[in-house]
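Here's the structure, in structure tokens; my notes come after.
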């Protein structure tokens with residue numbers, strides 16, 4: 073019963089390097105989200121998807137790109153990493169956005185950009 | 006402009022007593038409010054929610070109260086247990102916009 077799985081759990085990047093964070097969910101959820109959490113702050117929405125093949129910008133989309141080629145996967149890309157992108161990244165999914173449906177979160181990816 | 010605010014970064018209570026966590030919001034379009042709990046090195050997990058058409062929702066030891074006129078909600082935990090020690094996030098949903106906005110969280114410590 074995996075739920076939402078994020079890969080990798082930890083990563084250290086040099087400034088300017090690129091990487092992709094993978095999120096996979098096995099609950100057949102339509103909605104998927106990428107958040108970042110900085111110390112002392114809440115979760116800020118980077119990008120989200122309302123279904124396979126769709127993506128939309130959240131609160132803090134600059135410097136990130138996403139793709140949802142398969143319903144179960146949501147990829148977050150950093151083309152040229154910057155120290156300001158040092159954060160903990162959480163992926164989440166939900167089966168609906170109606171009626172206050174809760175989101176299920178992955179365990180997080182701790183990314184450090186040096 | 007922060008639309009969801011949790012003004013208390015931390016709260017400490019004694020085991021068995023009541024914990025009250027507060028949350029204020031500014032956007033009248035929010036129609037659902039959710040509370041999430043987060044342990045260190047884990048992702049948040051859903052705790053309880055309330056629709057904007059209700060003023061109270063209860064689930065076991067957890068009760069959420071909504072005061073729509075004051076744009077304020079609170080989470081009550083009674084009785085508090087050491088295992089409740091975690092960061093609690095308030096989130097507000099605008100269903101038409103398809104996304105939630107989170108507060109900065111309140112760290113609850115329940116002392117044995």
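Residue numbers (the working numbering), protein chains in the order written: chain L, 73 to 186; chain X, 6 to 117. The beta carbon of each residue, even a glycine, is placed where N, CA and C say it ideally should be.
- Below the 7 Å Cβ cutoff, chain L contributes 172, 174 as neighbours of residue 39/X, in chain order.
- Along the length of the segment 93-164 of chain L, whole beta strand (DSSP E) runs at least 3 residues long occupy 103-109, 115-121, 137-139, 145-150, reported in chain order.
- Minimum Cα-Cα distance from residue 52/X among the listed residues 81/X, 6/X, 87/X corresponds to 81/X.
- Using a CB distance cut-off of 8 Å, residue 94/L does not count as an interface residue toward chain X.
- At a cut-off of 8 Å between C-beta atoms, residue 59/X does not count as an interface residue with respect to chain L.
- For residue 47/X, the residues of chain L that pass the 7 Å Cβ criterion are 179, in the order they occur in the chain.
- Here residue 15/X is exposed: its Cβ has fewer than 16 other Cβ atoms, across all protein chains shown, within 10 Å.
- If you check each beta-carbon in the segment 100-116 of chain L against every beta-carbon of chain X, the ones closer than 7 Å belong to 112, 113, 114, 115.
- Our two residues, residue 167/L and residue 145/L, have alpha carbons roughly 14 Å apart in a direct line.
- For residue 109/X, a Cβ of chain L is located within less than 8 Å of the residue's own Cβ.
- Rounded to whole angstroms, the separation of the alpha carbons of residue 78/L and residue 96/L is 7 Å.
- Neighbourhood of residue 162/L in chain X, by CB distance below 8 Å: 48, 49, in chain order.
- Annotated as distal: residue 96/X and residue 44/X, with beta-carbon spacing of 8 Å or more.
- Legend: CB atoms of the segment 128-151 of chain L lying less than 9 Å from CB atoms of chain X belong to residues 128, 130, 131.
- Straight through space, the alpha carbons of residue 80/L and residue 93/L are spaced by roughly 7 Å.
- No Cβ of chain L is located within less than 8 Å of the beta carbon of residue 67/X.
- A contact between stretches requires three or more CB pairs, one per stretch, nearer than 8 Å, and the segment 100-113 of chain X meets this requirement with the segment 106-123 of chain L.
- In this model, residue 98/X and residue 149/L are separated by some 26 Å (Cα to Cα).
- Counting only runs of 3 or more residues that sit fully inside the segment 38-77 of chain X, the beta strand (DSSP E) segments are 50-56, 61-64, 67-72, in chain order.
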